[in-house]
Each structure stands twice: as structure tokens, then as C-alpha cells.
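Position 260 of the sequence shown, counting from 1, maps to 260 under the working numbering, and the rest follow consecutively.
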Amino acid sequence: MEVMQQTVTAPAVREDAIRLARSQFFAEGRAPEAGLSPLIIESWLRCRERGMEPDGRSDVDNAGRLQLAEARERNRGVLDYASGVMEHVFEQIRASGSLVILSDPQGMILHSLGDAEFVDRASRVALQPGACWSEAARGTNAIGTAIATAAPTVVLGGEHYLDRNGFLSCTAAPIRDPRGALAGVLDVSCEQRMHQRHSLGLVRLSVQLIEKRLFEAEFANHILVAFHERPEYVGSLQEGLVAVTPEGHLAGANSIAREWIGRRVECGGGASFAELFRQGLGKVVDRAMSSSDALIRLGLRDGTEIHVQLRSLRPRFTAFGAAQAGEGGRSLAAEPMPAAVGCAPPAAVVKAAPVKASEGPITLADLATGDVGIGRAVDRARRILGKDIPLLIQGESGVGKELFAQAFHNSGPRADKPFVALNCAAVPETLIESELFGYVGGAFTGARKEGAIGKIQQAHGGTLFLDEIGDMPLGMQARLLRVLQERCVTPVGSVKSIPVDISLVCATHRVLRDAVARGEFREDLYYRVNSLTVTLPALRERSDIRCIVERILARECREAGLQGVWIGDEVMRFVERHGWPGNVRQLQNVIRVAVALLDEGEREIRPEHLPEDLFLADPVDGAKAPPVVPAAPVATAASAAAPVVADALA
């Protein structure tokens, strides 16, 4: 009974202390003597300096739907990785009258999940997506004060500067990107009387998980070294993470690793693996190759030991980029990395990788080649596998939208069913209706007497892929919408509706929202096909060009019956810096021509093997055509490196 009394009266005592502090600060104009943390008092002072009145209202208007959509797109990376964590947090606090919130670095709320009753009350003070909760906009509050102080923050009831927010209890922590910059804020808010003491710990752990996912995605092209002084902490959120290049140079470190490095090792920005761990990366890789899950004990010069685990060792890629997998789907290295990674040949040399004799269907996992944009698209698409949610793939021509659609189909429960594709821009307007819906015999002049089954009916049980759906005629859009609503298709010339079960995937290089505004695309169909949108980056924006070149070169060499072909240093630099207006499709054609132009016995692709018109294009970033006289060939291929995109939160 005594413990219960403490639990009941403690909040009341705190409320009295806050009430007294507000009286001293706002009525008497002096700093509170007790009852508030220095963090809250300093925030109140900042608000007063801005001329903010406690009984005032925010002068900042909420963002409109378009502004919110643009903010979400700008912060797509953190939003993608945080959304799964937010769902996990909400499941733990469901039915407690709470709201889980993600804001951008300026305090605009991007996304929220919450109990319906509290969501309604919170919306009355604009605690909702599109509202800005910086200190300048809303006074002292957990989101804004966490941004201002760069520290986890709890703001209870009357600690909020504005009177109207006094019913809230808010707990927030800043999210840092892999380079330490503010990426957003995670917040849990509820009514003051429902505040839980564990909220701060829950928020901080959730932020650590988001930051870990961001780090793994940012450095997916690198070898990730996880370590801790105690073996049981390797694999937990308490582990240090260091990203190193195949040559052993330090590329990044998470906050735990940075603290460890600063405490134990004197190193500058150009530190290497050997300087951190007193042992060459190559030797550690050799030990790790026997088991990717193995913990390795490394001795340090001060006599202590560290436990290390290596991750993201590059797997072998097939010609289509599929990582060969071993038992349980774990990627296996095709060949040992060099014993001394730092002695690897120049990274610009790309050699055709060995290709397995038979290739299975490409899946989403095979497309995760290390680029953050592709990894984000794969992660989002993977979350809706097996669900009745249409997928819209956006991107320039040639970025591989159909390949992505095929991989999506092959990754889901419909993989053994038909995948039927129709390019809406390639079929004449007079024929697209019969192509899509089919027709009965004699339906129109020239029709086959037995009729024909349309693409929709062919895809029954499987996936229908409509490429360039933005070019579909308006009349066909209306008929397609009816099919999606009624799950039935009526062939041309027939009055009988045929039930169909399809998973819909669409693609376009257009901005459909703009097409809707111009009246070129039906708004109701737009919302039907736009349930989940993924955007594939252009080739010039991707960070995994070397990997793409390696896969394409391997495939072209296999088809040409060649082995040991590589791309020279100068050509590779040109490939990496070129604008590639035709994207991956253009790159594939260039490599195919280069392989075809190799003379008997030649193995190095040099400038004279590239198409002449390639140099007539207007490249980006000041890229220049490689000189006619190539550099001397390099005999050894660069060591392999493979990226692994972080799995979605279960």
C-alpha cells in the first residue's frame, strides 16, 4: 500500500513543482528556484527571447499535402528505416493513449502512429504530420528542444512553454546520420497522466536501431567490422561498427566506435584497419572466411583484447547480379580475398567474374548491389510481398524498371505463377484494348475467329506488369480501373465477365501527379496504382557502377565465349563519370560493343573498343573521353566487394 501511495502521489508533487516554477518564471519574471531541469529553463529563456507568449498560439501554418510529400521525399532514407521501427514501438505501447512521431531535422512531423482517441486530441494542437514542432514554432517541447540541444529530451505537462500543450507528455531523441549530422527526431507523446518512466529508454534504443540501419545502408559498399570488448555485446545495439574499404582504409564509424577509437587509439582521418586493431585486414578476412558468423579475438598493444566480427564480405555475382547463396540463403564468397587487402590492384580495374552454369530467377535480394537508392527501393518493395497492394515503379527510361518488377514477382508467393508484361507506350492505341482485355471471335475486322486471351486474363494468379502506364489512353484507364475494382475482365465483343486474380505492378518515367493535374491521367486510377511507390535512381546517381559493369561484362563474355576480360583504368574512370542518358540499357550496349570489338587474344577493353558516338554525348561532371593511347594493362583483377542492404525490421 505504501508503494502504491508513492506511485499515485509522485505525479501530483511534480505538477505542484512545475506550477510553482511557471509562476516564478512567467508571473514574477525570474528563473525558477527548483522543480525544473536546467535544460527546460534554458529552453524557456530561448522562447522568451523570441518574444513568445505562453498563452499564445503558433504563427506557423501546417504544411500542405504537396509540401508534406516533398518533405517526406527529401527525408526518404530516414523515413524508410524509421517506419518499421516506429511500428515495432507502437505495438509495445498500443492502447496506452500514445503517439509515435518522426520529424525531420527542422521539426516538421513526417509520420506518426497512434491510438485513435489520442490522435484526435493531439490534432487539436497540431501534433500531426505537416506541423512544425521546432522551438521557434511551438515553444519548449520534446521534438524542438531535442533539436536545439542535440540531446534526448523529456518534457512533461506544464514544462511545455505554451499553455495549450500542457496536457502532453513527450519524450524525444535526435537521430544522427552515419556522419553525425542530424537526420530527424523520434518522439513518443501521450497525455501527461499516462507518462511511463521507461519511455526515454524505449526511444533511445529505437533511435540506436534506426542509426544502425542508416549506417549499414550508407556503407553497404564497405566491409563492416563489428566489435566490442565483451563477446556477448557483438551483434547488439551496443556494438561498435567501423566501415573499411577493401584496401583497409577507415571510411566511417558509428558513435560507439568513435568513442572507443578516441579513448584507445591515436589516429587521424586517414586511419587504417591496422592502426585501429594492430593487425592487417587481410589476415582477419582469411580467418573470417571459414565462418561469416565467427567472432575473432584480436589482441591490442595495451594487452587487452577486442572481439570482432566481419560483415558484408563481397559475394560472387552472376552475370545478372545474383549473389550465389549457400545453405539458408547466406551469401558465400566466390574466392578468398587477398591475404593483404591493402596490396590489391587499382580499384578501377574490373574483371569479368566467373558465372555459374545455370541461373535461377532474379529476386529482390539479387538487386541489392550496394547503392542506397536501390537498397531503399528493395526494402520498401519487400515489405508488401504477398499483400494485395499495387506497386508503382518510377524512374528514367533504361534504369531497369521491368527487371525490378520481375524480381518483385519472383520474390513473392506468386513466383510460380505467370508474369505478364505490357508496354503501354509500345502498343498502338487502336490495339491496346484488345491486348489488355482480349477479344472474342469476330469482335472486329481482322480478329481471329477463335478470339484471343488478353494480358489481364493471362496474368490470372500471377502478376500483371504495365510498363509506361502514364501513356495509357484515358478510355483504357477507365476500363482498367473497373477491372481493379471488380476483379473481373470483359473481353472486347463479349458481355461475360471473367473473374481474375492478379498482383498489379506498374511503371512510368512520368510524374503521374503532374499528369493528373493536366488531365492526362485519371485521379481515381492514380490512387489505385500508387499504393506504394519506389523510385529507381538513374545510373549517373548510383554508387555501385563498378558492380553493374562487372555483372554486364561477365554476361557478355559468357555469351561471347571469352574469359579473363577486364576493363582498363582510364576507361573505367570514364564509365564512372559519364552522364549515361540511356542509363543501364546504354551501358549494356556499350559493353556489348566493346567485347565484340576485341581482337583474338585481347583481354583488356581500351578506348578504341568503345562506340565512337559515346564521346559525342554531353557528359556530366566534366567527364572527358579517355585518350586514344591507353594505360598499360593491369594483370590482376581488383578484389571483390559486395554490399548487403540491411534487412527490414521484422
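Backbone N, C-alpha and C define an ideal beta-carbon position, used for all residues, glycine too.
Next on the checklist: Taking 7 Å as the limit between beta carbons, can you name the residues of its chain near P54, skipping five residues before and five after?
Outcome noted: Contacts found: F26, Y161, L162, D163.
Checklist entry - Which residues bound the alpha helix (DSSP H) around T145? => result 142-149
Checklist entry - Would a check of beta-carbon distances place V85 closer than 8 Å to chain C? => result Protein chains in the displayed structure number just one, and chain C is not present.
Checklist entry - If you draw a straight line from the C-alpha of I469 to the C-alpha of T508, how long is it? => result Computed Cα separation, rounded: 6 Å.
Item to check | Alpha-carbon to alpha-carbon, L525 and D388 | outcome: 16 Å
Checklist entry - Nearest to N410 by CA position, among W44, V155, A381, is which residue? => result A381
Item to check | Cα-Cα separation, R528 to G107 | outcome: Straight-line Cα distance between these residues: approximately 31 Å.
Checklist entry - Where does S43 fall in DSSP's three states? => result helix
Next on the checklist: Tell me which residues share the same chain as W133 and place their Cβ nearer than 7 Å to its Cβ, disregarding the 5 neighbours each side in the sequence.
Outcome noted: S103, G107, I109, N141, I143, G144
Next on the checklist: Among V125, A554, G84, L364, whose alpha-carbon lies nearest the alpha-carbon of I567?
Outcome noted: A554
Item to check | CB contact flag (L310, A274, <8 Å) | outcome: no
Item to check | Simplified DSSP state of Q196, which is helix, strand or coil | outcome: Of the three classes helix, strand and coil, the one that applies to Q196 here is coil, per DSSP.
Checklist entry - Taking just the CA atoms, how far does L610 sit from L598? => result 10 Å
Next on the checklist: Please return the same chain residues whose Cβ sits closer than 6 Å to the Cβ of N254, not counting the five positions on each side in sequence.
Outcome noted: F215, L241
Checklist entry - Which term fits K496, buried or exposed, when burial requires 16 or more other beta carbons within 10 angstroms of its beta carbon? => result exposed
Item to check | Whole-angstrom distance between S543 and G342, CA atom to CA atom | outcome: Interpretation of G342 is limited by its pLDDT of 28, a score under 50 that renders its predicted location unreliable; the figure taken from the coordinates is listed afterwards. The alpha-carbon atoms of G342 and S543 are separated by roughly 22 Å.
Checklist entry - Which whole-angstrom value describes the C-beta separation of I256 and A82, a residue pair presumed to lie in contact below a C-beta threshold of 8 Å? => result That pair is no contact at about 20 Å.
Next on the checklist: Taking only three categories from DSSP, how would you classify P38?
Outcome noted: helix
Checklist entry - How many angstroms separate the CA atom of A146 from the CA atom of G64? => result 25 Å
Checklist entry - Taking the alpha-carbon positions, what's the L20 to I393 distance? => result 57 Å
Next on the checklist: Let me confirm a value: L539 is counted as buried when at least 16 other C-beta atoms fall within 10 Å, else exposed. Which label applies?
Outcome noted: buried
Checklist entry - When the Cα of I456 is compared with those of Q477, A421, Q485, which residue comes out closest? => result A421
Checklist entry - Can G373 and P418 be called in contact, C-beta distance under 8 Å? => result Not in contact: G373 and P418 (Cβ atoms no closer than 8 Å).
Checklist entry - Looking at C-alpha atoms only, which residue of D366, L224, A151 is the closest neighbour of L403? => result D366
Checklist entry - Taking the DSSP output, what are the residues bridged to H228? => result H307
Next on the checklist: Rounded to whole angstroms, what is the Cα-Cα separation between L481 and D467?
Outcome noted: 16 Å
Checklist entry - Exposed or buried, which one is T304 when buried takes at least 16 other CB atoms within 10 Å? => result exposed
Checklist entry - Considering A554, what are the terminal residues of the beta strand (DSSP E) in which it resides? => result No beta strand (DSSP E) holds A554; the alpha helix (DSSP H) holding it covers 545-560.
Checklist entry - Out of curiosity, what's the CA-to-CA distance linking E247 and V234? => result 24 Å
Next on the checklist: Under 8 Å: do the stretch 36-44 and the stretch 62-77 share three or more Cβ pairs, one atom per stretch?
Outcome noted: no
Next on the checklist: If the criterion is Cβ atoms closer than 8 Å, does the pair F227 and H307 meet it?
Outcome noted: With contacts defined by Cβ atoms closer than 8 Å, F227 and H307 form a contacting pair.
Next on the checklist: Assuming contact is defined by CB atoms lying nearer than 8 Å, are V89 and V188 in contact in what I supplied?
Outcome noted: In terms of Cβ geometry, V89 and V188 form a close pair [threshold 8 Å].
Checklist entry - Which of helix, strand or coil does DSSP assign to W260? => result helix
Item to check | Limits of the beta strand (DSSP E) - the one that Q394 falls within | outcome: Secondary structure note for Q394: its beta strand (DSSP E) is the uninterrupted segment 391-394.
Checklist entry - Using the C-alpha atoms, what's the distance from P390 back to N530? => result Cα-Cα distance, rounded: 7 Å.
Next on the checklist: If I measure Cβ to Cβ from S272 and keep anything under 6 Å in the same chain, skipping five residues before and after, which residues do I get?
Outcome noted: G248, H249
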